[in-house]
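Sequences listed follow chains A and B, in order. If you want the numbering used here, it's the position in the first sequence, counting the first as 1, plus 3. If you want the numbering used here, it's the position in the second sequence, counting the first as 1, plus 1250. Yeah, the Cβ is synthetic: ideal placement off N, Cα and C, and Gly gets one too.
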Amino acid sequence: MPVFYETEVTSRLMLGTAQYPSPAILAQAFRRSGAGVATVSLRREAGGERAGQAFWDMIRELGVHVLPNTAGCHSVREAVTTAQMARELFDTNWIKLEVIGNADTLQPDPFGLVEAARILTDEGFAVFPYCTEDLVLCERLIEAGCRVLMPWGAPIGTGLGLNNIYGLRSLRAHFPDLPLVIDAGLGLPSQAAQAMELGYDAVLLNTAVARAGDPAAMAEGFARALEAGRLGFEADPMEPRDMAAPSTPVFGKAVL
Amino acid sequence: MTEAVTIRGAGVVGLCVATELAARGVAVTLSDPAPGPGAHGCSWWAGGMLAPFCEGFSAEEPVVRLGQEAADWWAAQGVAVIRRGSLVVTLQRDRRELDLFARRTKGHRPVTGAELAALEPHLAERHDRALFFETEAHIDPRAALLHLRRRLEEAGARFEQTGAAPDGPVIDCRGLAARDSLPELRGVKGEMVVLRSADMRLSRPVRLLHPRFPLYIVPRGDGVFMLGATQIESGERGRASARSVMELLSAAYALHPAFGEAEVLEIGADARPAFPDNLPRLTRKGRVIHVNGLFRHGFLLSPALARMTAAMVTGETATPELAHEDHG
């Protein structure tokens, strides 16, 4: 199982905790899928006197690793402040770093991301950056101290799957030993299986599960797809070829 | 004859329970620190949509089923129930959201072009396709609360502001304030805006489906519209954030630009009481029955909950639906 900053997690599935019909259904999704990490957004929930406490307690009770995120932050300063608040609230130095660069596509601001990653690493955070599949950006994030990369499959909440297979494959090839997580854009279990077949270590998703008609069933579907895709990757698949090659010999067959 | 009952909390749940009990000849005392319905209670900030089928998109089956008795109940109390249905629309680029909504809800039919224009001419200027939930209704929630209170007073119900511990049976309808005895209860913050527009006409609630900023608009008459509502996992009350208000207003503006010229009458926020499954519960603890967790369905579900509570109090039903075993 993947190891993030010296901590081994129990599943290749990481789930967000927003948009579920109810916290009870959220908990079912975790139980049925065995997801090992829960991301929690702080920004919108924050209020005076720790007003989101009741919900956060429910997340803690799931008994999985909590990965607070800086969702909705559009600047380095916002993201850093949110991360500091998260560390206090959840008693973890893990932070999923989001610095949004465009309000419509919600794509990461690569420049702000590197800057925030550097600041947070210096402050002792274990940074999980939500990034694009751009190789140079990923190199800069590693230089800034990131030991995990979380490139998008497609923009957040779109369910479009892996938009740039080539880029994702080359990222895997360039960083063979670094944990790589597909974060955002997945809509179907088959897309998660595909991420596994590319050799990715885990996937993080929210909308695909939370907005499914039956979130718990969809979460389990993703968990199984991850298992199938990972087995396929580990089994060293054949290479596709143009020439048909029969799996049973054709010579010597009677011609009727 | 059932002995006199004290109802703690005179929000929508407390008033409905009192109404049902009074109708069965039970003497009721409503105990609430506030002098009457107002901004201190979260029912004051409600939308007042009686839309069980639309709610079925995200709510579970009991909400859809029990919510269907709401419109008749409110009408029977003499509240003005507007039965013109509700409409659901999307912006052009989110059209598939409408298909999804249609697939997961019942009680609707598609309306387009001329029919939509006949229903809501102003909406049809910007939208050519909608789902029409013809049997749904809406009320003015504040008028409804004041009306129930007045009728109870006329019927001889007692209202008290001091919380002297009663000897007899108690129905606890305090909403989020009952968290002291219902630890699973949590607050889900909602923010709303009230606008007045001379240019815009709507005769029924309209929902705008949007991947990020869903919105409903409930017409209150006289050009007044209620825009709601955010849903944030926070027990914070009374502080609407600029971001939330901006999102509600942007969505309304996208629905129809005429809202851009509207006057802002009110901005409000409160926290809805909810249990982990977002379904209401009847919890018996000794002589106290808690009726709580109505979440975003206060006006939709209070009638059914009040009926069940009254049946419990008068001994007609020992364990009604939604009765919750208390293991605490």
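Taking 7 Å as the cut-off, the Cβ atoms of R175 of chain A and L201 of chain A count as close. Taken atom to atom, the span from the alpha-carbon of R150 of chain A to that of V6 of chain A is near 10 Å. Taking 9 Å as the Cβ-Cβ cut-off, the region 1525-1542 of chain B approaches chain A at F1525, P1526, D1527, N1528 and L1529, given in chain order. In this structure, P1302 of chain B lies near G1317 of chain B, with their beta-carbon atoms less than 7 Å apart.
Two segments are said to touch when three or more pairs of C-beta atoms, one from each, lie closer than 8 Å; by this definition the region 1444-1454 of chain B touches the region 1369-1376 of chain B. Between the alpha carbons of L1465 of chain B and G115 of chain A lies a distance of about 32 Å. In the three-state reduction of the DSSP assignment, S14 of chain A falls in the coil class. By the Cβ-count criterion, E1566 of chain B is exposed, with fewer than 16 other Cβ atoms from all chains shown falling within 10 Å of its own Cβ. Within the DSSP secondary-structure output, N1542 of chain B pairs in a beta bridge with B:R1531. Chain A places no beta carbon closer than 7 Å to that of R1345 of chain B, leaving this residue out of the contacts. Counting other Cβ atoms within 10 Å of its Cβ, N72 of chain A reaches 16 or more and is therefore classed as buried. Of the residues assessed, V139 of chain A falls on the exposed side of the cut-off, its CB having fewer than 16 other CB atoms within 10 angstroms.
Close to chain B, meaning a Cβ-Cβ distance shorter than 8 Å, is no residue of the region 120-131 of chain A at all.
The criterion of a C-beta distance shorter than 7 Å is satisfied by N1528 of chain B and S25 of chain A. In the three-state reduction of the DSSP assignment, Y1503 of chain B falls in the helix class. Around P1523 of chain B, no beta-carbon contact reaches into chain A at under 8 Å, the shortest distance being about 11 Å.
Look at M246 of chain A here: in three-state DSSP terms it is coil, with no helix or strand label.
By the beta-carbon neighbour count (other beta carbons within 10 angstroms, threshold 16), N209 of chain A is buried. Under the 7 Å criterion on CB atoms, A86 of chain A is classed as non-interfacial with respect to chain B.
Under a criterion of Cβ atoms nearer than 8 Å, the residues of chain A adjacent to S1308 of chain B are, in order, P24. Boundaries of the alpha helix (DSSP H) around A27 of chain A: P26 to S36. Of the residues assessed, Y169 of chain A falls on the exposed side of the cut-off, its CB having fewer than 16 other CB atoms within 10 angstroms. Residue burial annotation: H1540 of chain B is buried, with at least 16 other C-beta atoms found within 10 angstroms of its C-beta.
Under the three-state reduction of DSSP output, V151 of chain A falls in the coil class, being neither helix nor strand. Residues of the region 59-76 of chain A with a C-beta less than 7 Å from any C-beta of chain B: M61, listed in chain order. In this structure K1439 of chain B is buried. Its beta-carbon is surrounded by 16 or more other beta-carbon atoms within 10 angstroms. A54 of chain A belongs to the set of residues whose beta carbon lies under 7 Å from a beta carbon in chain B.
For T1564 of chain B, the three-state secondary structure derived from DSSP is coil. Inclusion of L1366 of chain B and A1380 of chain B in the CB contact set at 7 Å is warranted, their separation being smaller than that value. DSSP lists no bridge partner for G1328 of chain B. Judged by pairs of C-beta atoms under 8 Å, the region 1503-1520 of chain B does not touch the region 236-247 of chain A, as fewer than three such pairs exist. Contact annotation for S1431 of chain B against chain A: no contact, minimum CB-CB distance about 15 Å [criterion: below 7 Å].
Residues of chain A whose Cβ lies closer than 8 Å to the Cβ of P1464 of chain B do not exist, since the nearest Cβ in that chain is about 11 Å away. If you draw a straight line from the Cα of I28 of chain A to the Cα of R214 of chain A, it is about 11 Å long. Residues are counted here when their Cβ sits less than 7 Å from a Cβ of chain A; for the region 1457-1486 of chain B these are P1461, I1482, E1483, S1484, G1485 and E1486, given in chain order. Contact of G1437 of chain B with chain A by beta-carbon distance below 8 Å involves A54 and A57.
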